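Its first residue numbered 5, the sequence shown is counted upward by one per residue in our numbering.
First up is the structure itself, then whatever we jot down about it.
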Amino acid sequence: MPHEVFDFTIIGAGPTGIFASFYAGLRQMRTKVIEALPEPGGQLAVLYPEKLIYDVPGHPKISAQDLVKQLMAQVALFE
5 MPHEVFDFTI IGAGPTGIFA SFYAGLRQMR TKVIEALPEP GGQLAVLYPE KLIYDVPGHP
65 KISAQDLVKQ LMAQVALFE
């Protein structure tokens with residue numbers, strides 16, 4: 005059974021984990037994200053996807069689900 009080797013392993017695909025994956029992509033690191041939930045976004049996606057968030061740089065306000073969508077679009081640049 006072949007083993008996959010990664011430069012960076014991220015536990016959790018919440019906003020911080022998603023951004024960490026993006027940042028690793030900028031550094032051309034091979035990254036593995038481990039998430040217990042069926043979709044990325046962490047508590048934002050599961051508990052309150054419609055909630056507005058006011059403390060994200062560059063966004064006066066953004067819904068949790070839109071933040072997750074935009075973060076995933078950034079990560080897709082490195083797939």
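In this text, a Cβ means the ideal position worked out from N, Cα and C, and glycines have one as well.
The structure displayed is predicted, hence computed values, not measured ones.
Whole-Å CB distance - residue i paired with residue j, under 8 Å assumed
{"i": "Val79", "j": "Ser25", "result": "5 Å"}
{"i": "Gly46", "j": "Ala17", "result": "6 Å"}
{"i": "Gly2", "j": "Phe82", "result": "It is not possible to answer for residue 2, since the shown part of the chain is limited to 5 through 83."}
Three-way DSSP call (helix, strand, coil) for residue i in this model
{"i": "Val9", "result": "coil"}
{"i": "Lys55", "result": "coil"}
{"i": "Lys65", "result": "coil"}
Buried versus exposed, by CB contacts within 10 Å (16 or more), residue i
{"i": "Ile38", "result": "exposed"}
{"i": "Pro19", "result": "buried"}
{"i": "Ala77", "result": "exposed"}
Those residues which DSSP pairs with residue i across a bridge
{"i": "Val50", "result": "None, per the DSSP bridge assignment."}
Residue-level contact to chain B via CB, residue i, 7 Å cutoff
{"i": "Phe12", "result": "Note that chain B does not occur in the displayed structure, where there is just one protein chain."}
Contacts around residue i, its chain only, beta-carbon distance under 8 Å, and the 5 residues preceding and following it disregarded
{"i": "Asp11", "result": "Ala28, Met33, Arg34 and Thr35"}
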